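Student:
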Amino acid sequence: MRLGRVNLTLSDRRGLLSLGGESPLSWRERFIRFPWSLFLLLVILASVGFVILYSAVGGEDNIRLLFRQMARFGVGLVIMLVLGLMGGEKIYRRYAYLFYGITLALLIAVFFAGTIGMGARRWLSIGGFLLQPSELMKVALIMALARYYHDRSATMRLGSEDLAIPLVMIAVPAAFIMKQPDLGTAIMVIAVGAVIMVVAGLSWQLIVGAITVFGASFPLAWNLLHDYQRRRITTLFFPEQDPLGAGYHIIQSKIAIGSGGVTGKGFMGGSQSHLDFLPERHTDFIFSVLAEEWGFLGGMALLLLYGLIIFRTLIIATQANDRYGVLVSVGMTSLFAFQVLVNIGMVIGLLPVVGIPLPFVSYGGSSLLTLMMAMGFSAHISLYSKHHGRSV
Amino acid sequence: MLDDEHERFQVDAQRRLWLIGGGLLGGFSILGGRLFYLQVMKGGEYRNLAENNRISLQPISAPRGRIFDRNGQILVDNRPDFRLAVTPELAGDFLGLIDRLQPIINLSEGQRNAIFKRLHKQRSFLPLQIKSHLTWEEVSRIEAQIHTFPGVTIQVQSIRDYPQGVSAAHLLGYIGEVNERDEQIFPAIHFRSGDSVGKSGMERQYEKELRGREGVREMEVNATGRQIRELRKGPPRPGQDLKLTIDLGLQQAAEAALAGQSGAVVALDPRNGRVLAMASQPSYDPNQFIRGFSSEEWKTLISDPDRPLGNKAIQGQYPPGSTFKMVVALAAMAEGKMDDKEHFYCPGHIIREKHKFYCWRRAGHGQVGLVQALAQSCDVFFYKLAEKVGIDAIERQARRLGLGDVTNIGMAGEGAGLVPSRSWKRAIQGIVWYPGETLITAIGQGYLLATPLQMANMIAAIANGGTVYRPTLVDWAEDELPEVLQWGRINESHLALVKKGLEEVVHGRAGTAKRSKSEWVRTAGKTGTSQVVRHKRKESGMIIKSDNDRHKDHALYVSYAPASPTEEAQLALAVVIEHGGHGSSAAAPVAKKLIDYYFAPPGERDTGSKPDEVGESELDAVG
Numbered sequence: 162m163r164l165g166r167v168n169l170t171l172s173d174r175r176g177l178l179s180l181g182g183e184s185p186l187s188w189r190e191r192f193i194r195f196p197w198s199l200f201l202l203l204v205i206l207a208s209v210g211f212v213i214l215y216s217a218v219g220g221e222d223n224i225r226l227l228f229r230q231m232a233r234f235g236v237g238l239v240i241m242l243v244l245g246l247m248g249g250e251k252i253y254r255r256y257a258y259l260f261y262g263i264t265l266a267l268l269i270a271v272f273f274a275g276t277i278g279m280g281a282r283r284w285l286s287i288g289g290f291l292l293q294p295s296e297l298m299k300v301a302l303i304m305a306l307a308r309y310y311h312d313r314s315a316t317m318r319l320g321s322e323d324l325a326i327p328l329v330m331i332a333v334p335a336a337f338i339m340k341q342p343d344l345g346t347a348i349m350v351i352a353v354g355a356v357i358m359v360v361a362g363l364s365w366q367l368i369v370g371a372i373t374v375f376g377a378s379f380p381l382a383w384n385l386l387h388d389y390q391r392r393r394i395t396t397l398f399f400p401e402q403d404p405l406g407a408g409y410h411i412i413q414s415k416i417a418i419g420s421g422g423v424t425g426k427g428f429m430g431g432s433q434s435h436l437d438f439l440p441e442r443h444t445d446f447i448f449s450v451l452a453e454e455w456g457f458l459g460g461m462a463l464l465l466l467y468g469l470i471i472f473r474t475l476i477i478a479t480q481a482n483d484r485y486g487v488l489v490s491v492g493m494t495s496l497f498a499f500q501v502l503v504n505i506g507m508v509i510g511l512l513p514v515v516g517i518p519l520p521f522v523s524y525g526g527s528s529l530l531t532l533m534m535a536m537g538f539s540a541h542i543s544l545y546s547k548h549h550g551r552s553v
Numbered sequence: 268m269l270d271d272e273h274e275r276f277q278v279d280a281q282r283r284l285w286l287i288g289g290g291l292l293g294g295f296s297i298l299g300g301r302l303f304y305l306q307v308m309k310g311g312e313y314r315n316l317a318e319n320n321r322i323s324l325q326p327i328s329a330p331r332g333r334i335f336d337r338n339g340q341i342l343v344d345n346r347p348d349f350r351l352a353v354t355p356e357l358a359g360d361f362l363g364l365i366d367r368l369q370p371i372i373n374l375s376e377g378q379r380n381a382i383f384k385r386l387h388k389q390r391s392f393l394p395l396q397i398k399s400h401l402t403w404e405e406v407s408r409i410e411a412q413i414h415t416f417p418g419v420t421i422q423v424q425s426i427r428d429y430p431q432g433v434s435a436a437h438l439l440g441y442i443g444e445v446n447e448r449d450e451q452i453f454p455a456i457h458f459r460s461g462d463s464v465g466k467s468g469m470e471r472q473y474e475k476e477l478r479g480r481e482g483v484r485e486m487e488v489n490a491t492g493r494q495i496r497e498l499r500k501g502p503p504r505p506g507q508d509l510k511l512t513i514d515l516g517l518q519q520a521a522e523a524a525l526a527g528q529s530g531a532v533v534a535l536d537p538r539n540g541r542v543l544a545m546a547s548q549p550s551y552d553p554n555q556f557i558r559g560f561s562s563e564e565w566k567t568l569i570s571d572p573d574r575p576l577g578n579k580a581i582q583g584q585y586p587p588g589s590t591f592k593m594v595v596a597l598a599a600m601a602e603g604k605m606d607d608k609e610h611f612y613c614p615g616h617i618i619r620e621k622h623k624f625y626c627w628r629r630a631g632h633g634q635v636g637l638v639q640a641l642a643q644s645c646d647v648f649f650y651k652l653a654e655k656v657g658i659d660a661i662e663r664q665a666r667r668l669g670l671g672d673v674t675n676i677g678m679a680g681e682g683a684g685l686v687p688s689r690s691w692k693r694a695i696q697g698i699v700w701y702p703g704e705t706l707i708t709a710i711g712q713g714y715l716l717a718t719p720l721q722m723a724n725m726i727a728a729i730a731n732g733g734t735v736y737r738p739t740l741v742d743w744a745e746d747e748l749p750e751v752l753q754w755g756r757i758n759e760s761h762l763a764l765v766k767k768g769l770e771e772v773v774h775g776r777a778g779t780a781k782r783s784k785s786e787w788v789r790t791a792g793k794t795g796t797s798q799v800v801r802h803k804r805k806e807s808g809m810i811i812k813s814d815n816d817r818h819k820d821h822a823l824y825v826s827y828a829p830a831s832p833t834e835e836a837q838l839a840l841a842v843v844i845e846h847g848g849h850g851s852s853a854a855a856p857v858a859k860k861l862i863d864y865y866f867a868p869p870g871e872r873d874t875g876s877k878p879d880e881v882g883e884s885e886l887d888a889v890g
């Protein structure tokens with residue numbers, strides 16, 4: 162049993178929790194190699210987020226919401242440090258399938274026994290804690306796919322089964338998440354999976370072929386839909402058709418952002434944000450608050466901050482020592498980047514409103530903790546990067 | 268081999284990674300570009316939108332002007348109306364709450380359904396109106412246990428109140444919700460949907476003065492319409508109060524005298540044309556237009572053959588009957604066709620062109636002069652006089668006394684009456700005027716029509732020496748001169764003779780209104796009976812009485828008082844009782860009651876119904 166080996170290594174004094182034959186990194190080395198610049202960028206981002214959140218929740222009156230978010234971030238930082246610093250060589254790769262399997266089981270359990278909230282069945286109540294398996298699945302899928310391609314590429318070139326099997330690995334959880342329904346997370350899972358498949362080294366013919374088949378099936382599926390289903394999709398993409406319903410959020414959000422102008426209305430000065438015009442203003446639509454109060458300059462500054470973080474995590478991917486490391490870190494990077502793109506895209510009216518929070522800024526715990534896990538895994542890759550000659 | 272493979276992957280992966288990175292950069296560039304578009308290029312436009320978003324202009328209704336009688340008695344008032352409203356958001360269990368309120372407010376099934384329908388249309392933090400026009404008992408019962416009714420409020424709203432009820436209802440009119448026609452009639456007023464507007468009577472005539480100008484409150488609101496705070500307030504300008512020339516006591520005396528009958532009374536001040544009373548019966552309660560009718564009540568009201576909604580004083584047009592005889596007499600004297608010595612013999616009828624023209628008195632009046640002919644209302648005298656005078660002179664004299672044209676008193680729907688002439692008949696019927704038609708015109712029948720207001724104005728002109736004033740209802744200012752329609756151009760001696768005849772009507776031994784002498788003042792008058800249907804007669808000339816009450820003649824009486832050579836007349840009035848029978852028995856007693864009321868020394872007045880001295884107590888706003 163592998164669990165037995167875990168117990169065995171717990172008593173290994175040279176490297177707590179580390180596994181594998183080669184000599185583990187010393188704590189000193191781990192601290193030196195830890196990507197502190199990424200850590201710092203995240204702390205800055207979260208701090209900016211707190212300022213925006215303070216305004217979005219309405220200031221002093223709801224300060225407890227801010228404190229709660231700060232506490233969550235604190236927990237998140239611990240998770241990142243633990244995952245990044247304490248993981249030994251190859252350990253995450255070894256347990257990737259197990260992690261994926263358990264998460265998938267939880268996801269299926271949600272389907273049958275989940276807690277319903279806000280019109281969707283997303284949560285699983287385990288010992289008083291509400292667990293959202295779809296969030297865990299984002300990370301688990303990245304690790305499982307990375308493990309798959311890592312194992313395959315060691316022996317042979319990638320073939321068409323290397324397209325098919327990962328597609329199944331992606332499609333099954335995506336289908337369950339879609340069913341909850343949580344369209345945003347499902348799209349996120351699929352998009353991140355697709356990035357890993359591209360970077361894994363599938364031949365371009367296969368990729369183009371897959372895209373072609375996928376694209377060709379769209380008109381077919383469209384014809385099979387009922388009228389009301391089509392209508393639901395068209396309002397998703399053309400919210401202006403329904404200005405008092407689905408379109409309302411996006412119209413108000415655009416007014417808030419546009420009225421911010423170049424320099425914004427100042428901290429706590431956003432009329433749209435503070436007069437309840439803006440729905441979900443401390444969660445999914447928090448970017449509108451920033452853009453209204455800090456203007457174009459504030460918005461661009463936040464984009465720049467996100468860009469730096471993405472750039473920093475992408476660097477980790479380029480420096481990863483093996484295929485698993487590359488794929489995991491690019492997966493985590495794209496998970497983070499896609500959430501930023503989709504959230505801001507929907508808030509500024511470029512993408513349909515699907516319910517994706519803005520990383521490290523939106524109020525809420527699930528997404529934050531997932532991203533902190535992702536950052537932790539990325540940091541772990543960084544510890545064992547090429548320069549250090551270690552395999553993860 | 269493995270290293271080669273790994274090396275190859277490394278190179279390939281680097282390429283693909285930067286491809287992904289490039290894609291992400293592209294995505295971020297699009298976001299940045301979009302932000303630039305929204306905030307820098309379209310910023311001003313959205314800033315405007317944002318401003319509109321947060322300011323909601325709310326009207327503050329202006330209190331509508333009140334209406335008083337000449338003595339300051341209130342005729343039309345505003346009063347608070349108590350309404351029960353529930354804020355569904357605060358109520359929690361809305362259905363349960365309504366069920367618990369049910370024993371107090373007794374909603375009908377229909378009302379409940381209407382409430383539930385509105386419940387789903389309205390935002391749940393806005394109060395939903397459950398019931399209006401709460402009684403005091405309902406208000407106090409709800410207030411007593413208001414803490415057990417979450418979300419329940421009693422709202423107070425100003426509504427129109429007609430404290431005199433059915434009294435002067437036609438004159439005052441009522442208000443209702445504005446419709447398209449109203450908007451065309453008052454192009455200068457900017458109505459909003461749901462606004463109230465005068466629908467008839469004074470309420471409509473003086474809409475512009477009464478309504479005032481609504482104020483506006485600029486409220487900062489959030490996206491759902493919830494009010495945050497007041498930004499600015501433009502106070503409303505209250506409507507102007509209106510003081511009428513009506514004397515409420517006289518008005519109510521008139522209504523009491525008419526009670527149970529269908530008819531109208533108009534009382535004027537002959538010195539200036541001011542309307543002292545204008546009553547039309549049966550009447551209606553204008554408060555019902557504010558409360559709302561049930562379909563049953565409405566059906567009853569509009570299908571009543573006595574037309575309670577119509578103002579008979581200005582809309583009712585009746586043949587003036589014998590009251591017209593004074594016109595014929597004046598015409599004859601003005602034409603020089605008669606002097607005070609003129610006498611005719613009345614055998615009870617005359618025959619012209621094979622037609623018998625009867626006097627009302629079969630036996631005839633014998634030899635009569637003008638005074639007796641007026642006093643006893645001899646028909647044959649006026650047949651013969653009319654033959655001498657001719658229709659043209661009669662028509663001229665009638666118009667000189669204000670008949671045949673609207674007075675423009677300032678109320679919608681006023682009837683013009685009708686004074687026939689040769690040219691009129693040719694134009695309308697295309698045939699010539701027959702001499703016989705002159706005869707029946709002379710006794711106020713045939714084509715002739717006049718409204719009670721015109722008849723009152725006619726007798727007022729006779730009382731004041733011949734001046735026809737435009738009747739007015741509004742007491743504007745002390746120094747405002749009355750408007751004159753016809754200056755007095757009646758020879759004084761002619762007038763004196765007619766007046767003598769009119770006095771004999773009341774005070775002569777054979778006068779037709781001798782039983783209606785006033786206790787307090789000497790009066791003059793003229794009875795009239797106007798035919799509704801052509802009477803069937805026996806060979807002997809006796810009228811065969813119809814059994815149908817609706818075929819009974821209208822009873823008329825015009826009068827003025829005091830009738831004295833030294834004193835100016837202060838009151839002129841016309842009474843019409845539809846299907847009342849004879850003027851002497853049905854209409855003259857009504858006039859007597861009014862005159863008695865008006866001239867009785869203080870303390871001796873018997874109005875039949877006392878004016879409401881207390882009025883509506885001022886209600887403190889509750890809740």
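Same order as they appear, the protein sequences are chains G and S. Under the numbering used here, think of the first position of the first sequence as 162, with each following residue one higher. Under the numbering used here, think of the first position of the second sequence as 268, with each following residue one higher. Ideal Cβ positions, reconstructed from N, Cα and C, are used throughout, including at glycine. As the structure is a prediction and not an experimental result, all values here were calculated from the model.
Do S:Asp514 and S:Leu543 count as a contact pair if the criterion is CB distance below 8 Å?
Tutor: Using a Cβ distance threshold of 8 Å, S:Leu543 and S:Asp514 count as a contacting pair.
Student: In angstroms, rounded to a whole number, what distance separates the CA positions of S:Gly300 and G:Leu186?
Tutor: Taking the straight line from one Cα to the other gives about 45 Å.
Student: Against chain S, with Cβ distances strictly below 8 Å, would G:Val617 count as a contact?
Tutor: Residue 617 of chain G falls outside the range modelled here, since chain G spans only 162 to 553, and no answer is possible.
Student: Report the option in S:Leu286, S:Leu769 and S:Arg666 whose CA atom is closest to the CA atom of S:Ser688.
Tutor: When S:Leu286, S:Leu769 and S:Arg666 are compared, the shortest CA-CA separation from S:Ser688 is found for S:Arg666.
Student: Cβ atoms of S:Pro869 and S:Gly711: under 8 Å apart, would you say?
Tutor: no
Student: Under 7 Å from any heavy atom of the ligand COA, does the C-beta of G:Lys340 make it?
Tutor: Among the ligands in the structure shown, none appear at all, so the ligand COA cannot be discussed.
Student: From the DSSP secondary-structure annotation, give me the bridge partner or partners of S:Phe624.
Tutor: Answer is S:Ile617, bridged to S:Phe624.
Student: In chain G, what lies closer than 8 Å to S:Glu312 by C-beta?
Tutor: Gly419
Student: Just to confirm, is the Cβ distance from S:Gly506 to S:Arg471 under 8 Å?
Tutor: No, the Cβ-Cβ distance between S:Gly506 and S:Arg471 is not below 8 Å.
Student: Expressed to the nearest angstrom, what Euclidean distance is found between the alpha-carbon atoms of S:Leu740 and S:Leu715?
Tutor: 26 Å
Student: When the Cα atoms are used, what is the spatial distance from S:Trp285 to G:Val491?
Tutor: Distance from the CA atom of S:Trp285 to the CA atom of G:Val491, rounded to whole angstroms, is 10 Å.
Student: Among G:Leu488, G:His443, G:Leu291 and G:Ala382, whose alpha-carbon lies nearest the alpha-carbon of G:Ile213?
Tutor: G:His443
Student: Using the beta-carbon of each residue, which ones in chain G are nearer than 7 Å to S:Arg301?
Tutor: The answer, in chain order, is Ile509 and Leu511.
Student: Kindly list, in the order they appear in chain G, the residues whose Cβ is closer than 7 Å to that of S:Arg499.
Tutor: The premise fails here: S:Arg499 is roughly 16 Å from chain G at the closest Cβ pair, so nothing lies under 7 Å.
Student: G:Ile509 by DSSP, collapsed to three states: which one?
Tutor: coil
Student: Go through its chain and collect everything with a Cβ distance to S:Asp344's Cβ below 7 Å, but skip five positions before and after it.
Tutor: Excluding residues up to 5 positions away in sequence, Arg333, Asp428, Pro430 and Glu883 lie with their Cβ nearer than 7 Å to the Cβ of S:Asp344 in the same chain.
Student: Nearest CA to the CA of G:Gln480: which residue from G:Gly510, G:Ala347, G:Lys415 and G:Ser539?
Tutor: G:Ser539
Student: Quick check for students: name the residue ranges of the alpha helix (DSSP H) that lie wholly in the segment 713-756 of chain S, counting only runs of 4 or more.
Tutor: 719-731
Student: For G:Ala217, which of G:Met429, G:Ala232 and G:Ile240 has the nearest alpha-carbon?
Tutor: G:Met429
Student: So G:Ile416 and S:Gln306 are supposed to be a Cβ contact under 8 Å. How far apart are they, rounded?
Tutor: The Cβ separation is near 11 Å, so there is no contact.
Student: Looking only at its own chain, which residues have a Cβ that is under 8 Å from the Cβ of S:Lys592, when we skip the five neighbours before and after it?
Tutor: Closer than 8 Å at the Cβ level, and outside the excluded window around S:Lys592, lie Ala640, Leu641, Ser644, Phe649, Ala709, Ile710, Gly711 and Lys793.
Student: Would you decide whether S:Glu522 is buried or exposed? Buried here means 16 or more other CB atoms lie within 10 Å of its CB.
Tutor: buried
Student: Could you give the DSSP three-state label for S:Pro537: helix, strand or coil?
Tutor: The answer is coil: DSSP assigns S:Pro537 none of H, G, I, E or B.
Student: Considering G:Met464, what are the terminal residues of the alpha helix (DSSP H) in which it resides?
Tutor: The sequence shown places Leu at residue 464 of chain G, rather than the Met named in the question. Ile447 to Thr479 is the extent of the alpha helix (DSSP H) around G:Leu464.
Student: Applying a beta-carbon distance threshold of less than 8 Å, which residues of chain G neighbour S:Gln422?
Tutor: Chain G residues near S:Gln422: none, gap ~25 Å exceeds 8 Å.
Student: What number of angstroms, rounded off, separates the C-alpha of S:Ile695 from the C-alpha of S:Gly682?
Tutor: 18 Å
Student: Hey, is S:Val278's beta-carbon within less than 8 Å of any beta-carbon in chain A?
Tutor: Of the chains in the structure shown, none is chain A; the protein chains are G and S.
Student: Which value, in whole angstroms, describes the spacing of the CA atoms of G:Ala305 and G:Ile368?
Tutor: 20 Å
Student: Using CA coordinates, which residue listed in G:Asp312, G:Ser198, G:Leu199 and G:Pro294 is at the minimum distance from G:Ala251?
Tutor: At residue 251 of chain G the sequence reads Lys, which differs from the Ala that was named. Of the listed residues, the one whose Cα sits closest to G:Lys251 is G:Asp312.
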